Each structure stands twice: as C-alpha cells, then as structure tokens.
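Right, dumping it as structure tokens:
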C-alpha cells in the first residue's frame, strides 16, 4: 500500500515497483494505491506526484486497487459520523479493505485463488488494471458493536 501524493509513496514506491519488476518479470504484482485529495492534505505537489506515479503503475503493476483519500474521508465523516477523521481512521478503512480483497489469496477456495487468476477474471485489457474497491459493513476504529447483518440490511 502506498500513497501517490507524497514523495516517498509516489517516487520511492514506484521506483521500488519498477526495480521489483526488473528482477522478477514473471511475477504478478498487486498494489493498493491511495490517490490524494485536497480535502485531506493541502500539499501543492500532490497532483503532480500522482500524475507521474500513475504512468509507472500502468507500466509496472499488474493489478492496482485504487483508494481515494477524499472518498475515505467522506465515509468517515458521513457514514461513520466521525467529526474529525484522523489518518488512523482512514488507515483503518484501508486495512479492512485490503484484508477483504486478499481474503481469497489467504484462505482456500475455488475462485481467484492466486493473483494470476484474479487478473484473468477482472482485467479485460492489460493496461486496464485499475480497480475501485467496495467494502461493507463499515465500522469505525475501536468500535465495539458486533451484530449479525443479513444481506438485505447491508
């Protein structure tokens, strides 16, 4: 998981992805990429960093799970009713999403049991490998509510 807004996640992160691709060209690479938003951070160079990073992701990553900082912020604010969402709250949503997406890789099953099968089932053309992820039910960090939900309630 890396951010595309800052220098470390966008520059160093994509350089690392590029070097891994050079060393292991036959391996599948999945990234969780957090796109910047002016609501969450007011750094002037974030759009430039993100634009330059996307090119590297198109060329060197096989599957990219796109996470939008503004959408995460809105979920925390509107759905979870957090008055001032922190980066910890945003990271909680990201970690829950990462856990859900990689569940088929960590536990035995028939469908999408490895990254290659996941790519075959989801990617129509090699350069169209950016996915928007969804997750339910949403819980805030430190929430002690546990209840069984049915599919219609979700």
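Numbering (UniProt numbering), first residue to last: 1 to 154.
We put the beta carbon where it would ideally sit given N, CA and C, even for glycine.
Bear in mind the structure is a predicted one, so any value in this text is a computation, not a measurement.
C-beta contact flag for residue i and residue j at 8 Å
| i | j | result |
| --- | --- | --- |
| residue 34 | residue 3 | yes |
| residue 8 | residue 53 | no |
| residue 57 | residue 31 | yes |
Local conformation of residue i per DSSP, three classes
| i | result |
| --- | --- |
| residue 3 | strand |
| residue 74 | helix |
| residue 149 | coil |
| residue 41 | coil |
| residue 82 | coil |
| residue 67 | strand |
| residue 139 | coil |
| residue 9 | helix |
Start-to-end residues for the beta strand (DSSP E) that takes in residue i
| i | result |
| --- | --- |
| residue 132 | 130-132 |
| residue 62 | Element bounds for residue 62: n/a, residue is neither H nor E. |
| residue 32 | 30-35 |
Neighbour flag for residue i against chain B, beta carbons, 8 Å
| i | result |
| --- | --- |
| residue 126 | The displayed structure is made up of one protein chain only, and chain B is not part of it. |
Cβ separation of residue i and residue j, assumed to be a contact under 8 Å, to the nearest whole Å
| i | j | result |
| --- | --- | --- |
| residue 69 | residue 90 | 7 Å |
| residue 130 | residue 66 | 5 Å |
The alpha helix (DSSP H) enclosing residue i, as first and last residue numbers
| i | result |
| --- | --- |
| residue 97 | 87-101 |
| residue 21 | 13-23 |
Quick check: the segment 103-116 against the segment 40-49, are there 3 or more CB pairs under 8 Å?
Result no; under three Cβ-Cβ pairs closer than 8 Å.
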